[in-house]
Amino acid sequence: MLNYSTLENPRLYFLLAAIVIVSQLPAKAQQLKPVVQLSGVVVTADSSAGLAGIAVYVPGTNRGTVSKQDGFFTLPVLAGDSVVFQALGFEKQYLIVPKTNTSEKYTTSIRLKQIARQLPEVQVMPWATQQDFKMAVKNLDLPDEAIVKPELGPLPGKHKSIFGGPQMDALDNIKQGFKHHQQMREQRYLVPSTIRIF
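All residue numbers for the sequence shown refer to numbering that gives the first Met the number 0, where the first residue is 0 and numbers rise by one.
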């Protein structure tokens with residue numbers, strides 16, 4: 000081991016250190032993988048229709064993207080990376096970027112196969128078991144009286160009740176819908192007249 004104090008000339012020490020560092024650079028440069036711009040389109044296996052929303056990512060890294068409306072994607076990867084294409088309802092597919100690729104770009108077309116998954120049936124009940132449900136129905140106490148129509152009181156105008164007015168035909172229904180839509184649109188742009196400052 001070289002010791003700085005044992006060297007008569009400090010310049011010789013720095014020269015030897017520089018030679019060691021420079022000799023290590025080509026070996027480290029060979030270990031670095033080149034960056035490749037991976038681009039392509041994701042389509043279904045049985046047609047050439049582009050698939051939107053397909054996750055394209057390199058596992059174990061924070062590099063990823065999602066395919067656009069026409070199925071196009073682009074992603075910077077390293078040579079030799081394994082890229083995953085995945086979406087709900089499609090079979091997961093892998094692509095390994097070639098290490099021998101001398102170009103800075105790599106384009107591909109990925110065909111994803113659709114898969115249908117049958118989910119198990121789920122019965123939602125407010126009782127823990129069917130026996131509890133049967134007991135609740137059996138013990139249900141229904142009134143013997145007839146159901147009375149609610150009286151909402153007098154209404155403004157010539158009609159005394161909402162049930163006594165004329166029936167609305169299709170044209171009146173359309174007019175009422177347009178009127179309601181117009182009111183909602185006008186209320187969207189209203190500014191309150193009083194502003195509270197707390």
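Ideal Cβ positions, reconstructed from N, Cα and C, are used throughout, including at glycine.
CA-to-CA distance, Glu103 to Asp80, given in whole angstroms: Cα to Cα, Asp80 sits roughly 14 angstroms from Glu103.
For Ala54, the three-state DSSP class (helix, strand or coil): When DSSP states are grouped into helix, strand and coil, Ala54 belongs to the strand group.
Through-space distance from Ala17 to Ser38, alpha-carbon basis: Across the structure, Ser38 and Ala17 are spaced so that their CA atoms are roughly 41 angstroms apart.
Own chain residues within Cβ distance below 7 angstroms of Pro125, not counting five before or after: Excluding five sequence positions before and after Pro125, none of the CB atoms of its chain fall closer than 7 angstroms to its own CB.
Contacting residues, own chain, Cβ-Cβ under 7 angstroms from Val42 (five flanking each side not counted): Around Val42: Ala48, Gly49, Leu50, Gly70, Ser108, Arg110.
When Val96, Met134, Glu90, Ile95 are compared against Ala115, the one with the closest alpha-carbon: Taking only the C-alpha atoms, the option nearest Ala115 is Glu90.
Inter-residue Cα distance where the pair is Asp168 and Gln175: When the Cα atoms are used, Asp168 and Gln175 turn out to be separated by approximately 11 angstroms.
Glu185 in three-state terms, based on DSSP: DSSP, read as helix, strand or coil, puts Glu185 in helix.
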